[in-house]
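Residue numbers (the UniProt record's numbering): 1 to 289. Glycine included, C-beta positions come from ideal geometry on N, C-alpha and C. Below is one structure, written out as structure tokens; the observations come after it.
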């Protein structure tokens, strides 16, 4: 396969369109149906805007050869532009994923009023906010002087190990994802609700796990680049996997707050919000206090 630019365009466009639809439904649900639009919703909208910027940057990289094999990219200017734009790409990705995770954790903090879970969520909030800011700064300012990040003729100064930064960010992301998925499961499965509703919840969790697993495959692209891989080819694969990860965080983080929408338009699938939340609280007190 000589060029995966088409696959990148198709994947990016499809994922982004689907994510926008879900996010719009979320905003509609929170703003007009439940009238409970809050900080976590603003953060998720911010994540969507960063995702839009990520998609735009990935499209702009195509003109410089992203998706082709490096052997087919003969212009030094193109390599320089790719190096510059990947700085913006990486920082935008980290910020977008971070905003979505913080949004989900804030929702958890409001929803699960149990001391044990609240402490865990607050720790996760501090950790997620800290490593998101640290990684963003590290990716935006990777070298001193700054130009050394893309100009091979600059030999003085130093650069941080960006691959180590990507690995650290990916590992922390994965740990937080598993915590986000796992924290509510004991509470949900202790609810006295119909089996069909538990299956719906299980299906959502399964989709989120699969999406996280797919997004985590960007470790492979990072490893390939670190070991002298094909810059334009493996970066394109990393972009695809990264966009899957951002989309998964926004979609899964939005669906969990869209109960008013489902209750109004798909009442056969979801129970009433009041009954659902009261059962979560009751079950939580039995299980954790």
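With 16 or more other CB atoms across the displayed protein chains lying within 10 angstroms of its CB, residue 177 is buried.
The residue from 155, 111, 241 and 208 with its alpha-carbon nearest to that of residue 219 is 241. In the three-state DSSP reduction, residue 34 falls in the coil class, being neither helix nor strand. Going by DSSP, residue 90 is part of the alpha helix (DSSP H) stretching over 76-111.
With respect to the 8 Å criterion, residue 216 and residue 174 are classified as neighbours on the basis of their beta carbons. Excluding sequence positions up to five before and after residue 50, its CB lies within less than 7 Å of the CB of 92, 95, 96 and 99, all in the same chain and listed in chain order.
Between residue 260 and residue 29, the C-beta gap is smaller than 8 Å, which places the two residues in contact. Counting the other Cβ atoms within 10 Å of the Cβ of residue 265 gives fewer than 16, which makes it exposed.
At the C-beta level, residue 82 and residue 66 come within 8 Å of one another. For the set 253, 262 and 111, the Cα lying nearest the Cα of residue 20 is the one of 253. Contact between residue 232 and residue 70 holds, with the beta-carbon distance rounding to 5 Å and staying under 8 Å. Our two residues, residue 248 and residue 160, have alpha carbons roughly 29 Å apart in a direct line. Counting C-beta atoms within 10 angstroms of its own C-beta, residue 90 has 16 or more neighbours from the protein chains shown and is therefore classed as buried.
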